[in-house]
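Take a look at the structure set out below.
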Amino acid sequence: MSYLEEVFNYLKRTSPAQTEFYQAAEEVLYSLQPLLDKYPKYRKHKIIERIVEPERQIMFRVNWVDDNGEIQVNKGFRIEFNSALGPYKGGLRFHPSVNAGVIKFLGFEQIFKNALTGLQIGGGKGGSDFDPKGKSDNEIMRFCQAFMSELFRHIGANTDVPAGDIGVGAREIGYMFGMYKKLANKYEGVLTGKSLKWGGSLARTEATGYGCVYFAKYMLAARNETLEGKRCVVSGSGNVATYIIEKLYHLGALPITCSDSKGMILDEEGIDLELLKELKEQQRARLSEYVKHRPKAKYIPVEEYPEGRNAVWSVPCYAAFPSATQNELNLEDAKVLLVNGCLCVSEGANMPSTAKAVDLFIEAKIAYGPGKAANAGGVATSQLEMAQNASMLSWTFEEVDAKLDQIMKNIFESASSTAAEFGQPTNLVLGANIAGFKKVADAMIEQGLV
Numbered sequence: 118m119s120y121l122e123e124v125f126n127y128l129k130r131t132s133p134a135q136t137e138f139y140q141a142a143e144e145v146l147y148s149l150q151p152l153l154d155k156y157p158k159y160r161k162h163k164i165i166e167r168i169v170e171p172e173r174q175i176m177f178r179v180n181w182v183d184d185n186g187e188i189q190v191n192k193g194f195r196i197e198f199n200s201a202l203g204p205y206k207g208g209l210r211f212h213p214s215v216n217a218g219v220i221k222f223l224g225f226e227q228i229f230k231n232a233l234t235g236l237q238i239g240g241g242k243g244g245s246d247f248d249p250k251g252k253s254d255n256e257i258m259r260f261c262q263a264f265m266s267e268l269f270r271h272i273g274a275n276t277d278v279p280a281g282d283i284g285v286g287a288r289e290i291g292y293m294f295g296m297y298k299k300l301a302n303k304y305e306g307v308l309t310g311k312s313l314k315w316g317g318s319l320a321r322t323e324a325t326g327y328g329c330v331y332f333a334k335y336m337l338a339a340r341n342e343t344l345e346g347k348r349c350v351v352s353g354s355g356n357v358a359t360y361i362i363e364k365l366y367h368l369g370a371l372p373i374t375c376s377d378s379k380g381m382i383l384d385e386e387g388i389d390l391e392l393l394k395e396l397k398e399q400q401r402a403r404l405s406e407y408v409k410h411r412p413k414a415k416y417i418p419v420e421e422y423p424e425g426r427n428a429v430w431s432v433p434c435y436a437a438f439p440s441a442t443q444n445e446l447n448l449e450d451a452k453v454l455l456v457n458g459c460l461c462v463s464e465g466a467n468m469p470s471t472a473k474a475v476d477l478f479i480e481a482k483i484a485y486g487p488g489k490a491a492n493a494g495g496v497a498t499s500q501l502e503m504a505q506n507a508s509m510l511s512w513t514f515e516e517v518d519a520k521l522d523q524i525m526k527n528i529f530e531s532a533s534s535t536a537a538e539f540g541q542p543t544n545l546v547l548g549a550n551i552a553g554f555k556k557v558a559d560a561m562i563e564q565g566l567v
């Protein structure tokens, strides 16, 4: 039995039924074999065994009262995975799919994503199985306050700085920050994604989507290609997808799809960005409403998707941006994308492509940007928000956007040069995993056995 197989057997024995976590760990750790062969010190210091175990796992009950006066009970999580490079940093996700395995997979990915930014932030993740959809503002406020009434004792501006994720936007961050301030009696940058009125950063809302497109830009520039005039498909219609679409327009591309949990839009003339923002950010409506305003567009409900597949990936395109959720793009989807001429995939979501789909993209040697590299712009700008809070300064949108562009360029160059060093110049999965791991592992060795 190989060394890495021993580690995985240990994980499966001690963390049962956490399939998403196993998938994330396998994707990272098997790609590290060339590094482990070249540098025996990582095995000597048991870095693999240490890095797959969170430094701290926090699970708690969240009691709250709905508008009918009924008591509701949810489960809360915070996984403080690794602090070798700085305070724990990673989002909070409110969604019915949240469980310990999902939070551990997200937290594990966050370690290496944060390391790739070159900024002083460790890796963590959290959330709850609470579903904000269909809830009133008052119900969401009561839940957020109840959630923070436990979480506040575990976080701090120099300890653990959560942000938003699926189901957690500016509204939820506001309610949680208010409760933290009341309980901790501190006004500090303990959450990112805050309102611009009280400590938020310009360009934070746009950062993950913009950064994902910047990463695609640099992948293509290395191949003497651009996105200008190219058809692009995007999944999702939340914050990440919306600002991927916006930045694609900035670069002269034509984004023609978006989706939500009920179906997808295909608009051959290009997604109407302002309409999308109105429906999703203001009205919180379903995408099926889109075609009432754009009759030439086509709405395809989930029930009409090809069996076992996502219809977004059936649309011929030059570049694809999976930006909805994990494992939304499988092997069959990847095959169809490649047959239809897709030459670039840049991931806006965390682990949106299954392991077999990733293997196919690597084998085809297309420009493939894994999520931990391509969507690191959000957490990078969160750290920029932390820096502004700490110094009591506020930077312009242009300043933050320029820093974001440079960070994404640095991440691409780091992943690309590392991939080339280990003999696989087009494999940015290997490059990103090794570059991120090496940075964290070296810090862990220098800080001793803690």
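To convert a position in the sequence shown, counted from 1, into the numbering used here, add 117.
Just so it is clear, CB atoms sit at the ideal spot from N, CA and C, and this is done for glycine as well.
Bear in mind that the values here come from a model prediction, so they are computed numbers and not experimental data.
Under the three-state DSSP convention, the category residue i falls into
i	result
C375	strand
E445	coil
V429	helix
E197	strand
D384	coil
M509	coil
V330	helix
C434	coil
K452	helix
C340	What sits at residue 340 in the sequence shown is Arg, not Cys. R340: coil per DSSP, three-state reduction.
A620	The chain is shown from 118 up to 567; residue 620 falls before or after that span and cannot be answered.
K192	strand
R348	strand
N544	coil
V285	strand
S132	coil
V169	coil
Check whether residue i and residue j have beta carbons under 8 Å apart
i	j	result
S431	P423	yes
R195	L313	no
A625	L233	Because residue 625 is not part of the residues shown, which for the chain are 118 to 567, the question remains open.
S534	A441	no
P151	F539	yes
E449	A491	no
G488	E226	yes
G207	P171	no
S499	T309	yes
A222	M468	The displayed chain sequence assigns Phe, not Ala, to residue 222. In this structure, M468 lies closer than 8 Å to F222 by Cβ.
M427	L446	Before going further, note that residue 427 is Asn rather than Met in the sequence given. Closer than 8 Å, so yes.
H212	G284	yes
A536	N544	yes
Whole-angstrom C-beta distance between residue j and residue i, which should lie under 8 Å
i	j	result
K129	Y120	Contact doesn't hold; Cβ gap of about 16 Å is too wide.
Y297	M258	Y297 to M258, Cβ: 14 Å. No contact.
L371	K347	7 Å
G218	A134	7 Å
R173	K192	At roughly 17 Å, the Cβ-Cβ gap does not stay under 8 Å, so R173 and K192 are not in contact.
T374	I361	Actually they do not touch by this definition, with Cβ atoms about 11 Å apart.
R411	D389	6 Å
Residue i to residue j span [Cα, whole Å]
i	j	result
R270	K155	42 Å
V190	C261	13 Å
S318	G328	15 Å
K452	A474	8 Å
S508	Y416	48 Å
H162	A201	14 Å
T471	V462	13 Å
K299	G239	26 Å
W315	I290	12 Å
P439	Y485	11 Å
N302	A280	20 Å
V278	K364	27 Å
V567	F198	13 Å
E563	E166	17 Å
A497	L209	16 Å
S531	Y127	31 Å
V429	E515	33 Å
A436	G565	44 Å
N341	A466	26 Å
R401	N231	31 Å
E345	E480	26 Å
H367	D184	43 Å
According to DSSP, residues forming a beta bridge with residue i
i	result
Y366	In the DSSP output, where bridge partners are listed per residue, Y366 has none listed.
R210	G244
K164	As written in the sequence, residue 164 is Ile, which differs from the Lys given in the question. For I164, which the question treats as bridged, DSSP gives no partner whatsoever.
C461	A436, A484
D277	Y205, G273
K526	In DSSP, K526 forms no bridge with anything.
V307	Paired residues: none, contrary to the question.
K415	L383
S470	L446
Minimum Cβ-Cβ distance from residue i to chain C less than 8 Å
i	result
C329	No chain C is part of this structure, which consists of one protein chain only.
Distance cut-off 7 Å: residue i Cβ against heavy atoms of the ligand GTP
i	result
V169	This structure lacks the ligand GTP; in fact it carries no ligand of any kind.
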